[in-house]
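Structure below.
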């Protein structure tokens, strides 16, 4: 199976990639991708991790989501959901600046958080994962997406904060050689490989 096929089958990678490609604006994410997410709980303690079968991410539950869960499922503890299937009905993504040395579900000090507003367990359903899911933020293609996002943000910041008139017009510049004699800027450029 090629990497392109794995990306198409990984809901998390497709979703998070689109989120970063749209500048981290969740409102611009396609409505087709905002459907409920059926996930497998890879780990519930010390970190709650869910997987789509290819990659895992750490969801962040709102107080309302936890309260609703306890109200609807009073006999089930969230920590007991390990190896179970949960359906995340209402969710969003948000971008956070974090210390990647401390937050393992981040890269280049950026974390895209899966914020869970409502979820329910499918206690009867069991999944037997066929592969070991890996951290989405350690995937080389996804790290490149984040680097591209950071580069675009830097370019936009420079363009916004740099006034055009404060930049020198290099076509009018002239330099001086070691003896103080004025030269053109391109005077030190030597063409190589030109045949006569």
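Numbering (the numbering used here), first residue to last: 889 to 1084.
We put the beta carbon where it would ideally sit given N, CA and C, even for glycine.
In this text, all values refer to a predicted model and were calculated from it rather than measured experimentally.
- Relative to the Cα of residue 924, the nearest Cα in the group 998, 992 and 975 belongs to 975.
- According to the DSSP assignment, residue 1025 belongs to no alpha helix (DSSP H), since it is labelled neither H nor E.
- Contact check for residue 1030 against residue 905 passes: the beta carbons are separated by less than 9 angstroms.
- In the DSSP annotation of this structure, the continuous segment of the alpha helix (DSSP H) that includes residue 958 starts and ends at 951-960.
- Judged by beta-carbon spacing, residue 1024 lies beyond the 9 angstroms limit of residue 907, meaning their Cβ atoms are not closer than that value.
- If you draw a 10 Å sphere on the C-beta of residue 1032, you find fewer than 16 other C-beta atoms in it, and that means exposed.
- Across the set 1009, 1019 and 954, the C-alpha of 1009 shows the shortest separation from the C-alpha of residue 927.
- In the structure shown, residue 997 adopts coil according to DSSP, grouped into three states.
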